[in-house]
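Every position in the sequence shown, counted from 1, becomes a number in our numbering once 558 is added.
We treat Cβ as the ideally placed atom computed from N, Cα and C, and that holds for glycine.
Read through the structure below, which is laid out as structure tokens, and then see the notes.
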Amino acid sequence: MILNTGARTDTAQYYSEWLLNRFKEGFVYTRNPLFPNKVTKYELSPDKIDLIMFCSKNYQPILPRLHEITNSYRTYFHYTITAYGKDIEPGVPCTDKSIDTLIQLSKLVGKEKIAWRYDPILLTKTYTLQTHKETFDYIASKVAPYIDRCIFSFVEMYKKLATNMPEIIPLTEQDKLCIAEYLGKTAQKYNIHIQTCGTDGDYTQFGIHKSGCATLEILGKANNCQFKEIKHNGQRKGCHCIESRDIGAYESCPNGCKYCYANTNHKKAKVNYKKHNPNSPILLGEILPTDQIIQGNQKSFLKHSLHQLTFFDKI
């Protein structure tokens, strides 16, 4: 099973103690977002987890204890660093601090396990095409020696964006082509492998690879192991990634990013954050007497039926 810790909330930044406690105790519960009384239990022993995926905008809180996970599990890290300031990402560190933390993370886990995410790309009167060009070049010049690849995507125009971010300017196809062309040329300049995420758009003419951001090929290469050759169904339309199981919760990330798909509004997330108990087996609140607990399906994607012994396992 591929365990995802960061698709619904920024666990590494805000819930790192809880996450480490879950691995220490060896299990975790996650509440079904559509049917809240249904709770799934996952075993977290290394023989049950093929790999742990992280996605965060600030790994600083978990860095001192990250070895408690990386010493026993295969891992891969997505690090989001964008062009936006506190007006759009109020809970996210400034660009230079984020770059410094990425470098620290890379030195701890190795560049082959880190993908820099420059997404979602959106336009406002403040964040123009030129702003994206200048910022992308600056970040790329700093992080190129410390990453495996760069992943970008264009913002999806969810209905709630009209309320949460009325200042957004819809991207035209010409805008997308202009941005993709510049990102492709810049990535080539710094020798960065660059690819799209969550889109069926084809920008290969600019040297941009068309691939899922979390495929078994990428994860296996980063961890010196072999996974089965199976179809990647993705998590949503336009996604080409391998399926994973997320242990986070929607409406729980205090970052307050205006474009966030996982939060309806920042106030609700802040209220839910207060329900968090780092010693609870579930991210928000506690397990209730009315909860229906089921054991999650934890099928392995490793090439061999038994837990494959690799160079990683021998360390």
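Exercise. Where Ala702 and Ser769 are concerned, what is the direct C-alpha to C-alpha distance, given to the nearest angstrom?
Worked result: Position 144 of the sequence shown, counted from the start, is the residue given in the question as residue 702. Position 211 of the sequence shown, counted from the start, is the residue given in the question as residue 769. Distance between the alpha carbons of Ala702 and Ser769: 20 Å.
Exercise. With DSSP run on the structure shown, which of helix, strand or coil describes Val713?
Worked result: Indexing the sequence shown from 1 puts residue 713 at position 155. Residue state, collapsed to three classes: coil.
Problem set entry | Residue range of the unbroken beta strand (DSSP E) whose run includes Gln763 | Counted from its first residue, the sequence shown places residue 763 at position 205. That residue, Gln763, is in no beta strand (DSSP E); it is neither H nor E in DSSP.
For this session: List the endpoints of the continuous alpha helix (DSSP H) containing Ser810.
Result: Here residue 810 is taken as the residue at index 252 of the sequence shown, counted from 1. First-last for Ser810: undefined, no H or E at that position.
Problem set entry | Close-in-space but distant-in-sequence residues of the same chain around Asn855 (CB under 7 Å, 5 per side omitted) | Residue numbering aside, residue 855 sits at position 297 when the sequence shown is read from its first letter. None.
Exercise. According to DSSP, which residues form a beta bridge with Lys674?
Worked result: Along the sequence shown, one-based indexing puts residue 674 at 116. It is worth fixing the name first, because residue 674 is Trp in this sequence and not Lys. Per the DSSP secondary-structure output, Trp674 pairs in a beta bridge with Tyr637 and Cys708.
For this session: Buried or exposed for Phe585, please, with buried defined as at least 16 other CB atoms from any protein chain shown within 10 angstroms of its CB.
Result: Stepping through the sequence shown from its first residue, residue 585 is reached at position 27. That one is exposed.
For this session: Check each candidate in Ile657, Lys655 and Ala565 and name the one with the smallest Cα separation from Cys613.
Result: Taking the sequence shown and counting its residues from 1, one reaches residue 613 at position 55. The shortest C-alpha to C-alpha distance from Cys613 to any of Ile657, Lys655 and Ala565 is the one to Ala565.
For this session: Could you have a look at Leu621 and say whether DSSP puts it in helix, strand or coil?
Result: Within the sequence shown, residue 621 is the residue found at index 63, counting from 1. Residue state, collapsed to three classes: helix.
Problem set entry | Collapsed DSSP secondary structure at Leu860 in the structure displayed | Position 302 of the sequence shown, counting from 1, holds the residue named residue 860. Note: Leu860 maps to strand in three-state DSSP.
Exercise. With distances taken from CA atoms, which of Ala738, Lys665, Gln784 and Thr628 is nearest Thr762?
Worked result: Counting from one through the sequence shown, the residue named residue 762 turns up at place 204. Comparing Cα positions, the closest option is Ala738.
Exercise. Taking just the CA atoms, how far does Asp695 sit from Asn918?
Worked result: Residue 918 falls outside the range modelled here, since the chain spans only 559 to 873, and no answer is possible.
For this session: Tell me whether the beta-carbon of Leu777 lies closer than 9 Å to the beta-carbon of Arg632.
Result: Position 219 of the sequence shown, counted from the first residue, corresponds to residue 777. Position 74 of the sequence shown, counted from the first residue, corresponds to residue 632. Yes, these two residues count as a Cβ contact at 9 Å.
Exercise. Sorted by chain position, which residues of the same chain lie with C-beta nearer than 6 Å to Ile646's C-beta, five sequence neighbours on each side aside?
Worked result: Along the sequence shown, one-based indexing puts residue 646 at 88. Only Lys816 meet the Cβ criterion.
Problem set entry | Straight-line Cα distance separating Ile607 from Gln688 | Numbered from its first residue, the sequence shown carries residue 688 at position 130. Numbered from its first residue, the sequence shown carries residue 607 at position 49. As the crow flies, the alpha-carbon of Gln688 is around 43 Å from that of Ile607.
For this session: Give the DSSP-derived three-state secondary structure of Phe612 in the structure shown.
Result: As a working mapping, residue 612 is identified with position 54 in the sequence shown. Residue state, collapsed to three classes: strand.
Problem set entry | Backbone CA spacing between Leu719 and His824 [nearest angstrom] | The count along the sequence shown starts at 1 and reaches residue 719 at position 161. The count along the sequence shown starts at 1 and reaches residue 824 at position 266. Approximately 13 Å between the Cα atoms of the pair.
For this session: Would you kindly report the start and end of the unbroken alpha helix (DSSP H) that includes Gln784?
Result: Indexing the sequence shown from 1 puts residue 784 at position 226. The continuous stretches of alpha helix (DSSP H) do not include Gln784, and DSSP gives it neither H nor E.
Exercise. In this structure, what does DSSP give as the bridge partners for Lys825?
Worked result: The residue you call residue 825 lines up with position 267 of the sequence shown. According to DSSP, which records beta bridges pairwise, Lys825 is partnered with nothing at all.
For this session: Check Asp654 in the structure and name its three-state DSSP category.
Result: Position 96 of the sequence shown, counting from 1, holds the residue named residue 654. Asp654 falls in the helix class under three-state DSSP.
Exercise. Quick one, which of Pro812, Ala807, Lys789 and Glu809 has its alpha-carbon nearest Glu801's?
Worked result: Numbered from its first residue, the sequence shown carries residue 801 at position 243. Checked all of Pro812, Ala807, Lys789 and Glu809; the closest Cα to Glu801 is Lys789.
Exercise. Buried or exposed: which applies to Thr848, given that a residue is buried once 16 or more other Cβ atoms fall within 10 Å of its Cβ?
Worked result: The sequence position of residue 848 within the sequence shown is 290, counting from 1. Under this definition Thr848 is an exposed residue.
Exercise. Taking the alpha carbon of Thr588 as the point to measure from, which residue in Pro812, Leu842 and Lys743 has its own alpha carbon closest?
Worked result: Locating residue 588 in the sequence shown gives position 30, counting from the first residue. Checked all of Pro812, Leu842 and Lys743; the closest Cα to Thr588 is Leu842.
Problem set entry | Buried/exposed call for Phe635, threshold 16 Cβ in 10 Å | As a working mapping, residue 635 is identified with position 77 in the sequence shown. It is buried - the Cβ of Phe635 has at least 16 other Cβ atoms within 10 Å.
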